[in-house]
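Undergrad: Chains as they are written, first to last, in the UniProt record's numbering: chain S, 1 to 267; chain P, 1 to 459.
C-beta: ideal position from N, C-alpha, C; glycine also.
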Amino acid sequence: MAVVTQSAMTAEPSVTSPKMTARDLNLFYSDNQALFDVNLDIVERQVTALIGPSGCGKSTFLRCMNRMNDTIDGVTINGKVTLDDRDIYDKAIDVVQLRARIGMVFQKPNPFPKSIYDNVAYGPRIHGLVNSRDELDEIVMTSLERAGLLKEVKDRLPEPATGLSGGQQQRLCIARAVAVSPEVILMDEPCSALDPIATAKVEELIDELRSNYTIVIVTHSMQQAARVSQRTAFFHLGKLVEVGETDQIFTNPKDERTKGYITGRFG
Amino acid sequence: MSLTFLLLAVAALCALSFYFGRQRAVALSGGRYSNLHSLPAHYGTYTAMWCGIPALLLLLVWYMFQGSIIEAMIVSDLPAEITGDSGRLSLALNSISLIAAGNGEHLSVDPEVVEAGQRLANLQTIANAALVVVMLSTAMIGLALSYRKIAKEMRARNNVERIARYAMIACSGIAILSTVGIVFSLLFEALHFFSKINPIEFLFGLEWSPQTAIRADQVASEGAFGAIPLFVGTLLITLIAMFVAVPVGLFSAIYMGEYASSKFRAFAKPALEILAGVPTVVYGFFAALTVAPFLRDNGAVLGLDVSSESALAAGLVMGVMIIPFVSSLSDDVMSQVPKSLRDGSYGLGATKSETIRHVILPAALPGVVGAVLLAVSRAIGETMIVVMAAGLAANMTVNPLQAVTTVTVQIVTLLVGDQEFDSAKTLSAFALGLVLFLVTLGLNVFALKVVQKYREKYD
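#1: Answer yes if the segment 69-84 of chain P comes into contact with the segment 92-100 of chain P, meaning at least three C-beta pairs across the two stretches below 8 Å, and no otherwise.
#2: For a test of the three-state rule: what should DSSP assign to residue 79 (chain S), helix, strand or coil?
#3: Which bits of chain S does residue 346 (chain P) rub up against, with CB to CB less than 8 Å?
#4: In its own chain, which residues sit with a C-beta less than 8 Å from the C-beta of residue 373 (chain P), not counting the 5 before and 5 after it?
#5: What did DSSP end up calling residue 16 (chain S) once you bin it into helix, strand or coil?
#6: Roughly how many angstroms lie between the CA atoms of residue 106 (chain S) and residue 120 (chain S), to the nearest whole one?
#7: Kindly indicate if chain P contains any beta-carbon less than 8 Å away from that of residue 11 (chain S).
#8: State yes or no: is the C-beta of residue 158 (chain S) within less than 8 Å of the C-beta of residue 117 (chain S)?
#9: Does the segment 246-265 of chain S come into contact with the segment 43-59 of chain S, if we say contact requires no fewer than three beta-carbon pairs (one atom in each stretch) closer than 8 Å?
#10: Give the DSSP-derived three-state secondary structure of residue 26 (chain S) in the structure shown.
#11: Decide yes or no for the touch test of the segment 62-70 of chain S against the segment 239-249 of chain S: beta carbon pairs closer than 8 Å, at least 3 of them.
#12: Please classify residue 127 (chain S) as buried or exposed, where buried requires at least 16 neighbouring CB atoms within 10 angstroms.
#13: Mind reading off the beta-carbon distance from residue 230 (chain P) to residue 410 (chain P)? Whole number of angstroms is fine, and I expect it under 8 Å.
#14: What are the complete alpha helix (DSSP H) segments, minimum 4 residues, inside the segment 306-357 of chain P?
#15: If you draw a straight line from the alpha carbon of residue 9 (chain S) to that of residue 257 (chain S), how long is it in whole angstroms?
#16: Pick out whichever of S:91, S:208, S:102 has its Cα sitting closest to the Cα of residue 20 (chain S).
#17: By Cβ distance, which residues of its chain are closer than 6 Å to residue 463 (chain P), with the 5 residues on each side in sequence left out?
#18: Tell me which residues of the segment 330-354 of chain P have at least one Cβ-Cβ distance to chain S shorter than 8 Å, keeping chain order.
#19: Among residues of its own chain, excluding the 5 on either side of residue 283 (chain P), which ones have a beta-carbon nearer than 8 Å to its beta-carbon?
#20: How far does the beta strand (DSSP E) with residue 242 (chain S) in it reach, from first residue to last?
#21: Would you list, in chain order, the members of the segment 215-227 of chain S that have their beta-carbon closer than 7 Å to a beta-carbon of chain P?
#22: Mark residue 106 (chain P) as exposed unless 16 or more other C-beta atoms lie within 10 angstroms of its C-beta, in which case mark it buried.
#23: Just to confirm, is the Cβ distance from residue 314 (chain P) to residue 390 (chain P) under 8 Å?
#24: Are the C-beta atoms of residue 358 (chain P) and some chain S residue less than 8 Å apart?
#25: Output yes if chain S places a C-beta closer than 8 Å to the C-beta of residue 328 (chain P); else output no.
#26: Show which residues of chain P have a CB atom less than 9 Å away from the CB atom of residue 112 (chain S).
#27: Select from the segment 146-176 of chain S all residues with a C-beta closer than 8 Å to any C-beta belonging to chain P, and list them in chain order.
#28: Measure from the C-beta of residue 122 (chain S) to each C-beta in chain P and report whether the shortest distance is under 8 Å.
#29: For residue 84 (chain S), which of S:109, S:70, S:108, S:41 has the nearest alpha-carbon?
#30: For residue 441 (chain P), count the other beta carbons within 10 Å of its own beta carbon; 16 or more makes it buried, fewer makes it exposed. Which is it?
#31: Checking contacts by CB at 8 Å: is residue 262 (chain P) closer than that to chain S?
#32: Do the CB positions of residue 407 (chain P) and residue 438 (chain P) come within less than 8 Å of each other?
#33: Could one say the Cβ of residue 108 (chain S) lies closer than 8 Å to chain P's Cβ atoms, at least one of them?
#34: Measuring alpha carbon to alpha carbon, tell me which residue in S:238, S:110, S:99 is nearest residue 342 (chain P).
#35: Leaving out five residues before and five after residue 48 (chain P) in sequence, what residues of the same chain have Cβ atoms less than 8 Å from its Cβ?
#36: When the Cβ atoms of the segment 25-40 of chain S are set against those of the segment 207-214 of chain S, are three or more pairs found closer than 8 Å?
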């Protein structure tokens with residue numbers, strides 16, 4: 001598969017059989033273009049970090065990957081995004097099923113105003129993944145376990161989720177996403193509202209989740225990108241400037257702008 | 001000097017003192033405002049307040065006492081045979097004030113009274129002149145004192161803000177006191193009524209027929225004051241109204257807030273709110289002239305005996321009236337549900353309707369319940385539609401096809417026309433009003449409690 005690249009900087013060898021790809025992706029908010037010809041491959045069971053200064057389009061790009069931008073008025077998208085080689089913007093794709101395969105965790109923890117149990121059970125219930133209460137219990141427990149939250153909340157499952165601390169709430173949101181058994185999990189700055197200890201826990205969790213899920217994470221913290229990701233993509237002004245192995249991006253960036261950003265000269 | 005002129009004079013003095021105070025502060029600052037504790041305008045406002053407020057307070061106190069003091073002076077000069085008899089005294093005082101106002105030429109009264117009338121006119125002139133002098137000098141003194149107090153270090157800003165705070169306290173005090181006043185006026189008349197009619201009979205009696213004999217020689221019924229039929233009627237109509245308003249209001253709010261395109265919403269929301277602007281009288285004759293005959297005719301086709309004034313007609317139209325109330329309040333609370341919750345639900349693959357049912361409505365529930373309860377208390381208190389469309393017959397029925405009557409309708413009919421305020425018939429209006437007030441108050445308190453309880457649970 002030949003990667004069509006806009007400039008030589010992005011000419012990074014295409015990975016074999018990527019989980020998701022973006023090809024010549026352009027996005028407009030009414031008349032403002034927010035993404036320019038983005039080409040990116042997401043490798044299965046790896047963590048891909050999207051970094052870049054504020055307003056560079058990395059969150060917008062992330063939201064293209066599970067069609068969350070559909071909920072915003074006035075957005076037009078052209079280009080192609082695939083999941084397992086199928087175009088997710090194809091008319092035959094049901095966005096509901098798509099989002100069940102591609103989960104999302106948001107910047108601010110956003111548990112529903114329900115009990116801890118019901119938060120995790122929400123996805124399995126609406127997708128009809130379970131036939132009995134026991135199966136549901138099973139899913140809720142495994143998901144909480146996977147999110148590293150079970151020990152802390154197992155005695156208070158019927159309590160409102162809003163009573164948890166910020167870090168616990170964010171891990172609950174991860175458990176909620178995991179409960180639908182997605183293949184890809186998108187995370188939009190999942191630690192920006194958390195303190196350092198909670199952040200460390202979530203990062204640890206991301207590292208563990210990698211063995212089962214493909215993860216794309218938007219982050220403002222370069223240390224975080226270096227710690228949790230295997231691949232890093234640098235966005236600037238709506239363009240994908242450079243993508244590669246995280247080690248390479250941080251130690252030997254090819255593009256001047258990448259170098260400037262990771263050494264703190266701008267952004 | 002008339003009152004208007006006096007007030008204008010004080011206002012002019014205030015403006016002057018603002019100017020002087022500001023000028024003095026500017027002069028003290030030596031050209032640099034940062035040398036002052038506050039901005040020059042604060043010093044101006046400070047002087048203006050000290051000029052105006054004491055003078056106005058004085059005016060208030062003066063008018064409170066002027067009448068009774070002058071009256072006492074007049075009465076003390078009247079002969080004992082007049083002052084001894086309270087009926088004669090009030091008659092004499094009436095004539096005196098007429099004479100003082102220059103309208104007493106045709107009165108044939110005692111010379112003492114005529115003399116007292118002239119005296120009253122004199123006293124009033126003196127009092128008015130004194131008021132002008134006292135008030136203007138108070139304003140001047142306030143101006144002079146506060147002007148002298150202006151200094152670089154003086155905290156004019158803090159003083160002005162403190163006075164503004166007192167003014168706000170006074171305003172909220174007025175609002176609260178007038179509510180208390182209304183309650184007490186209701187309460188006293190109602191107690192008066194309950195001294196004639198047993199409260200138990202009033203609250204639990206099953207028959208309402210307030211027509212009593214006005215004169216002793218009249219032939220009329222005894223009168224029965226059992227309020228239950230009225231409450232049943234009120235409840236029935238409220239219930240019908242809620243059956244219309246809650247689903248229609250709620251679903252239109254959901255459509256407007258969640259589904260409608262912004263173009264449609266821009267047109268439809270104001271259109272819906274026009275409903276709220278229709279005067280209730282208009283709803284009333286819509287109910288009486290259009291809906292009620294329509295129901296009667298169609299009922300006849302179906303073989304139902306629908307009365308031409310029916311609870312159903314009034315309730316349906318009242319429901320329509322309340323729709324915008326329910327829909328705009330629920331729309332407000334639903335749009336306050338944070339976007340992050342919607343995103344979370346969509347991100348899990350929920351459809352729009354699943355998101356609304358499982359996330360938005362539960363989160364907005366306290367507000368929706370509050371909106372519905374407020375709508376209920378509005379429906380209970382609504383008068384005009386039921387006066388015109390529900391009828392006057394105090395039937396004890398839950399059949400919506402018959403005429404019923406409500407508490408508010410009865411209050412209106414009891415108080416319309418010439419009434420004497422010591423018969424049980426008239427006084428019963430106040431007892432009904434009191435009960436109505438207590439019911440709506442209870443509902444509002446309950447609504448607030450519900451809202452608070454759920455808010456704790458969901459935040």
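TA: So, to answer that:
#1: Touching, per the Cβ criterion.
#2: In this structure, residue 79 (chain S) counts as strand in the three-state DSSP scheme.
#3: 68, 71, 99
#4: 443, 444, 446, 447, 450
#5: coil
#6: 15 Å
#7: Note that residue 11 (chain S) scores a pLDDT of 42, beneath 50, so its modelled location is shaky; the value from the coordinates is reported in the next line. For residue 11 (chain S), the answer is no, since every Cβ of chain P falls outside 8 Å of its Cβ.
#8: yes
#9: yes
#10: strand
#11: no
#12: Counting the other CB atoms within 10 Å of its CB gives residue 127 (chain S) a total of 16 or more, which places it among the buried residues.
#13: 6 Å
#14: 311-335, 339-347, 352-355
#15: Low per-residue confidence applies at residue 9 (chain S): pLDDT is 44, beneath 50, and the placement is therefore not dependable, though the value from the model is reported in the following sentence. Cα-Cα distance, rounded: 10 Å.
#16: S:102
#17: Outside the modelled stretch of chain P, which goes from 1 to 459, sits residue 463 (chain P), for which no answer is possible.
#18: Cβ contacts with chain S: 338, 340, 341, 342, 343, 344, 345, 346, 347, 348, 349, 350, 351, 354.
#19: 317, 318, 320, 321, 384, 385
#20: 239-245
#21: none
#22: exposed
#23: yes
#24: yes
#25: Closer than 8 Å to the CB of residue 328 (chain P) there is not a single CB belonging to chain S.
#26: 341, 344, 345, 358, 359, 362, 363
#27: 160, 162, 173, 176
#28: yes
#29: S:41
#30: Label assigned to residue 441 (chain P): exposed.
#31: yes
#32: no
#33: It does; some Cβ of chain P falls within 8 Å.
#34: S:110
#35: 14, 15, 17, 18, 21
#36: Per the Cβ contact rule, the segment 25-40 of chain S is not in contact with the segment 207-214 of chain S (fewer than 3 Cβ pairs under 8 Å).
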